[in-house]
Structures are given as C-alpha cells and as structure tokens.
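Structure first, then comments.
Residue numbers (the numbering used here), protein chains in the order written: chain S, 84 to 191; chain L, 460 to 1185.
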C-alpha cells in the first residue's frame, strides 16, 4: 500500500510541474524516450508503462502496452494535452500522464 | 397455461458505444430513473418483452474496465453480483461493444466473462465499422469467444429484435455457452486463488472477481471494502500476495498484457483493418476543430452562439411562464376566501412552484445544448482545448462546459458534472459553479445598478460606469471561483488529480429520440426532486412572512380605506386604495415573524450598511435571488409585483433613510450589497441539486456556508473601504 501512495505523490509532483522533469540520459544509439517527447505526426512503440498508480493502470487498460504502436496526432493549442492514436481510435492525455509511458521512437 | 418468466439483465459497455441507444431501443418508453443508495450513480432500469419472457434491464454506467477506485465505480460489479439491495442478481449480462473499437471493448468483455454468468455481446455501430472499411463477422466472433454475438445498428433499430430474442433465451439458461476468458499469468492467478480461499476460511464469501480487483487495484474500492470488514491480518496478507504476484512488473500491466494478448489471439484474422484505420471524416473535422488557432476561435464562437440562443429563446418563454404563474395565482386567489389558506396557496405554493417552473425553459435549453455537444462528440474536443487552462485553476478540461453553463444557471451546470470521472475534480467543480454570475442575479444587479450607479460615460461614450460595474461583478465571480477551486483542491479535496485520459469518439449525428428521452428524464428529475425542496422552503418562508397576521393591522388599514373611499372622488380613489393596500402589506410583513427577525438581525448586518428592510429582503431571498426585489417592493410599500424596471421602487429606495436621517442606499452600501448577491448562494434549487449530485448534505451545506461567509466578508470589506474612500 505504501508503495502505491509514493507513486501517486510522484505522479502529483510531475503533474504540478510537467515541464521540469528529469532529462533522460540519451545514448547516441538509444531511441528510448517517453511518449510526451514524441513529436506530432510521429509514431513510437511502447516499451514500458509505469503502471504502479491509478493513472498507469488506466493507461494499460486503454491499450498502451509493451509492443503496441502509438502515433502522436497533435498537441492541444496550449501544448497540453496530447492526442494519440492507437488500436484504431483516438485518445487524449496530459503530458504528465504520457511521461509514464516509455517508448522507442520510430519514423512518421 | 403460458406463464410469464421474469428475468433481469445487466447492460454494460464502454462509453461512446451507443449503449443508451441500444437500451432505449430495447425498452422504449418503459424506463425508470432512480438511485443506488450510497453512491452518486443513477439507477436506470427498463423493461422489454420477448415472447413469454419479461426482461428487466439495468443500464450500468459506461466504463472501460471493472477496476474500481471508488464506490461509484464498484457499482457495476455490485449489480452484476447481485449485491445491491433492490435488484436481483442478473440472469444475463449484455455487453455492448463498438464494432470499430473491438479490441478495447473486448477488454471489458473479458473481465465480465470471468463472472461466469450468461453473456451476450451486441456488436453495435456496425454501419460505422463498415463505412471505415472494417469487416467483422459476428457469427465467427461468437464462435471464437464462445458467447452469442448479435450485430446491431441501434441508431437505425436494426438487430434489436434478434437481440431481444437472444437475450431472453440466454437469460433462461439456453443457448450455446462456452466462454473461455483469459487466464491471468502465474504467479498472479495463483495468488488470487489463494487469497480467495484465505478469505473464505475467515467467513468472507466473495466472488473471484472481487478478490482479483482487491489485489490488482491498489487502494481501490474492493480492497477498502474488504478492509472495512476488519478481517484480521488482511492488509498484511494482501500486501504479501501483491509482492509475490508482481514478479517485478506492475500488476495492472500484467493484467492488461494478459487480456490484450487473449484478445489479439481471438481476433487473429477476424478483423481486417485497412491502413487508414481511424475514421477519415472525424480526422478531417478534428484538423479544424482542434486546430491551435481556428479550433479555439470556433470553440469561443460556439459558446457565444449557444449562450445567445439560450437567452433569446428562453427569455420570451420565461416571460410567458411568469405571466401564466401570475394568472394562476390571481385566479386561485380570487377563488378562495381571503385568509391564511388563500395566501398559502396563492403566495406560497403557486409562487414557490412558479419560481421553479419559470426557469424550466432556460434549464431545458441548456440540457439540450449540453446533450447535443455530448452526443455528437464535440464535448471531448472542448475538454481537450480547455484542459491546460483548467488545470491551472485546479480543475480539469471536463469542468469547462459545466462551469460555462453555470453562467446561465448553475443547476444544469452542476448536473453536467456527471461526465467528470474524478470524484475530487467533480466535487470541486460543483462547489464553485454557483459563484459564477447566473441569470437570476441579473435582475437584482439591474435594479441596483440602474438606481444607484451613476450613468457616467468615459472615453467618448465607449465606457460606461454602469457597464463597468456589471463587468466587475462577473469578473468577481470568476476570480473567487478560481480562488475557491484552488483552496478546495489543497484542503478538503486534497489529492492527486484524476487521470485526464479521455477517448475522442468519432463525430456522429445524435439521435433525436435519444436526446428527447434524456431531456425529459433530466427535466423531470429537476422538477420533482429539486422542485420538492424549493416548495418546502418557500412554504416555510411564506409562513414566516405571513404569521402572526394580527387583526389590529387589518382593522387599522380597513378604517383608512373607508375614510379614503368616503372623502376622495372616484378617480383618485383607486390609486389611494392601492397605496393603502401596499402600505398594509408592508405593515403585515413588518409584524410577521420574518419582519421581527429582520429587526433582530439588523445589528449583524449594520456593519454592511443594511437596514432591517434590506436584511429582511436578503434573508427572504435565500431560496431564490429574484425574491429580493419583490420583498423590497413589499417592505417599501410599492407592492410585491414590482420588477427591476420599477421607477417607483427605485425612488423609494433612493429616498430610504435610517431613523437618524442618513441615507441607506449609498454607493459603498450598494456596491457591498451587489458583492453580497454576487458571492452568496441564494438558491434552494442549487442547494438541492448539489445534494442530489453529491448524494450527501455535507457538500451542499459546506457550499452554502462558505459562500455565505465569503459574501458577508466581501460586502463588509467593500462597504467599509468605500466609506473610508468616498
């Protein structure tokens, strides 16, 4: 139970300051990143979802799973939330939520 | 002899699958709306018949999964397991699936299959799937899933007869049935079984699914419910089970992977999905409607058009209704002999019911537009556009339309918060919605501003002081609402924001029948539930304002009327008698319990610059704001049927003085009074709606208290500061 709560607080912190997240160290050959960093028009394949909290669970239920291809369609006028396409339907989510999805970038 | 068999069927499905259309199509007008005790979810039941079988259908809230974080979300599982008091355990479950989104829809179906109950899947919106180039064979799908699958296009009424027959057959236990739900991986599945057995040993007879949810949904509703039953050592046992089951990965992820893997396996080769999968029309329309510039402009324009439509259509209707209520009141008044009963019926009951009924055109129009936006799919886009802004004030994009609606009337706005999934966001939105300037405040504003705010204009006639004050009042409401939302989210409603994750459904033409049905349902809920509370309160207020109705007052004024009739010529008589009647009404009011209350309470409101008449008026208008004007009219002997345009009333108010001679209605006092009306929750209809939507008096009471406190403090500050400056 305690583990869950800590993750929730982590989600909260990320939500309060969505722009100030830790920058992932990038290997030159490693296209690994998070869904919120994928530009509109480009696709990515899901590597892992941090599914510890309630948000993570919803993400998984909606079909964001390891191996699935996701396309970022557009950003809202203010830059947040994001509209993505997967399994043939459109889903919108906040950048802070997209951050929980680790992906491997692909082409457009 | 043919005997009717009675069965119960639970209907479940994702949102945006046309579930309501199927439900309406099956049950027609035979529906009922009620409540489940203890939750805010409404209970929709309906009836239909197939041959000898009479089926009671229970429409469960749209959901993507049986995972539950709150009692509200647990209701689906509860109903399906027969754990709700007034519903029997269903004999069958109908899962409505969107044919264009089969993979995601089957997620829920796979969970429902684990309940082990007879299941039927309705593959709805087949026409759209075909239009998108998808081809699915319901028969083959049925074969692979082991449950009956009926293809439907509920919007056109296709497939519903067959669905009814198959439902009846399935509910009676017949039909081919061999569902084979996904198996969760080890060690998770093993841990669920063991915990189930462990709980059974301790006397807790739970369904397998409840234990599954308790393990996977961390701090979810299932876990909390079992914990409340104080089974010794449960939390520790649960935590250990989770650790062992997790195997390094999150449990939710394990479940989702297992289910989607099963789905892909079952659908392999069955659903042919062409390259351009998402609906092309929706995609093209979204390129405009969610465009960074154009999308926002269109959205704002749409808001303006809708509000304009509501005000211009509702206003003549409301005037008609006001006139009709007045006519009925007069007719009844003359039919009954003079006395308490006549006053109760004419001034109490009819006026009370009338004040609810008068707002009905506006409320129904708002419900209509909100329903239209929801059904055609645009509502999700509105939330998408507004979310960033709303998050900054502690709410969510889904709060925007409910709050915008509150600028016309808070009642439909609060009822529209049902679409907000997160409980905290939903309650926060409901709690601040009444702060936004609603149309009932406008007559009071109009009266006070026109009478007391100087009509000066600046900048060559462009900016008027009166207009500025009105604008200021609107901005005040918004500013305080924002502040209140932020404070609430940090205190009483503290906790993470619910996930925004929101499907953007394809645009579709709403079904008129469905919208009419919902309009009727919501209108009826408003009139019956809210109307009852309003009626009760108005009768109480009537009684306070009527009794003790001393005969001494009657005698005195009757004597005056006699002398006036005797001394004046005929043409001046009528006017004079009318004035005496008004003076008599004023005297009655002053003598009444309420009048004395006004006097008694005056010291409390003196720091705000109010005299007892104003205090009385404000207290009398707690059920409904517009009553302030008619009460002031009565106390200042201009008659109760004045409105904000009445010159007579304006003059009387301007001339009003305290016993020591100085004026009551000074600029600082008026601005203070305006501030009070702006911030105070003077609307029983709103309080009643808050109580109903939050399913408790706690939030309604809290809203009333905090807004009254804010109103008092605001008026105090404005008056005292104004006195120092002016």
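We put the beta carbon where it would ideally sit given N, CA and C, even for glycine. Keep in mind it's a predicted model, so treat the numbers as computed, not measured.
Give me the Cα-Cα distance between residue i and residue j, rounded to the nearest whole angstrom.
i                       : j                       : result
residue 172 of chain S  : residue 963 of chain L  : 8 Å
residue 532 of chain L  : residue 680 of chain L  : 8 Å
residue 590 of chain L  : residue 584 of chain L  : 10 Å
residue 1127 of chain L : residue 137 of chain S  : 51 Å
residue 648 of chain L  : residue 707 of chain L  : 15 Å
residue 539 of chain L  : residue 552 of chain L  : 8 Å
residue 624 of chain L  : residue 975 of chain L  : 27 Å
residue 797 of chain L  : residue 530 of chain L  : 53 Å
residue 570 of chain L  : residue 525 of chain L  : 7 Å
residue 1095 of chain L : residue 1049 of chain L : 10 Å
residue 872 of chain L  : residue 892 of chain L  : 7 Å
residue 673 of chain L  : residue 683 of chain L  : 8 Å
residue 814 of chain L  : residue 1142 of chain L : 11 Å
residue 615 of chain L  : residue 595 of chain L  : 19 Å
residue 859 of chain L  : residue 1041 of chain L : 46 Å
residue 812 of chain L  : residue 996 of chain L  : 11 Å
residue 104 of chain S  : residue 527 of chain L  : Any reading at residue 104 of chain S needs caution, since the residue's pLDDT is 44, under 50, leaving its predicted position unreliable; the model's value is listed next. Their backbone Cα atoms lie some 29 Å apart in a straight line.
residue 949 of chain L  : residue 986 of chain L  : 35 Å
residue 677 of chain L  : residue 554 of chain L  : 26 Å
residue 1170 of chain L : residue 1045 of chain L : 27 Å
residue 593 of chain L  : residue 901 of chain L  : 53 Å
residue 1103 of chain L : residue 785 of chain L  : 17 Å
Less than 8 Å separating the beta-carbons of residue i and residue j?
i                       : j                       : result
residue 1035 of chain L : residue 1023 of chain L : yes
residue 968 of chain L  : residue 883 of chain L  : no
residue 1004 of chain L : residue 1051 of chain L : yes
residue 869 of chain L  : residue 762 of chain L  : no
residue 1015 of chain L : residue 1039 of chain L : no
residue 1130 of chain L : residue 1181 of chain L : yes
residue 711 of chain L  : residue 134 of chain S  : yes
residue 549 of chain L  : residue 468 of chain L  : yes
residue 1136 of chain L : residue 1163 of chain L : no
residue 821 of chain L  : residue 777 of chain L  : yes
residue 1132 of chain L : residue 1166 of chain L : no
residue 1188 of chain L : residue 586 of chain L  : Nothing about residue 1188 of chain L can be reported from this structure: the residues present for chain L run from 460 to 1185 only.
residue 164 of chain S  : residue 959 of chain L  : yes
residue 1086 of chain L : residue 1074 of chain L : no
Can you find a CB in chain L that lies within less than 8 Å of the CB of residue i?
i                      : result
residue 144 of chain S : yes
residue 100 of chain S : With a pLDDT of 47 at residue 100 of chain S, under the threshold of 50, the modelled position of that residue is not reliable, and no figure is offered here.
residue 160 of chain S : yes
residue 119 of chain S : no
residue 132 of chain S : yes
residue 185 of chain S : no
residue 138 of chain S : yes
residue 171 of chain S : yes
Leaving aside the five residues before and after residue i along the sequence, list all residues of the same chain whose C-beta is less than 7 Å from its C-beta, in chain order.
i                       : result
residue 160 of chain S  : none
residue 638 of chain L  : 572, 578, 604, 605 and 606
residue 1153 of chain L : 499, 886, 889 and 1159
residue 644 of chain L  : 713 and 717
residue 441 of chain L  : Since the first and last residues shown for chain L are 460 and 1185, residue 441 of chain L lies out of range.
residue 937 of chain L  : 895
residue 1000 of chain L : 1079 and 1082
Considering only heavy atoms of the ligand FMN, does any lie closer than 7 Å to the CB of residue i?
i                      : result
residue 527 of chain L : Among the ligands in the structure shown, none appear at all, so the ligand FMN cannot be discussed.
If we define contact as Cβ-Cβ less than 8 Å, is residue i a contact residue for chain S?
i                       : result
residue 583 of chain L  : no
residue 759 of chain L  : no
residue 854 of chain L  : no
residue 587 of chain L  : no
residue 669 of chain L  : no
residue 749 of chain L  : yes
residue 846 of chain L  : yes
residue 871 of chain L  : no
residue 563 of chain L  : yes
residue 1165 of chain L : no
For residue i, collect the residues of the same chain with a Cβ closer than 6 Å to its Cβ; drop the 5 residues on either side in sequence, then sort them by chain order.
i                      : result
residue 443 of chain L : There is no way to answer for residue 443 of chain L, as the model of chain L reaches only from 460 to 1185.
residue 783 of chain L : none
Who are the Cβ neighbours of residue i in its own chain at under 8 Å, not counting the five residues just before and after it?
i                       : result
residue 1116 of chain L : 1122 and 1123
residue 982 of chain L  : 819, 822, 823 and 826
Taking 8 Å as the cut-off, does the stretch 829-849 of chain L touch the stretch 917-934 of chain L (at least 3 CB pairs, one atom from each stretch)? no
Three-pair Cβ contact test at 8 Å for the stretch 510-529 of chain L versus the stretch 482-497 of chain L: yes
Hey, is the stretch 148-162 of chain S in contact with the stretch 121-131 of chain S, meaning 3+ C-beta pairs nearer than 8 Å? Output reads yes: the stretch 121-131 of chain S touches the stretch 148-162 of chain S.
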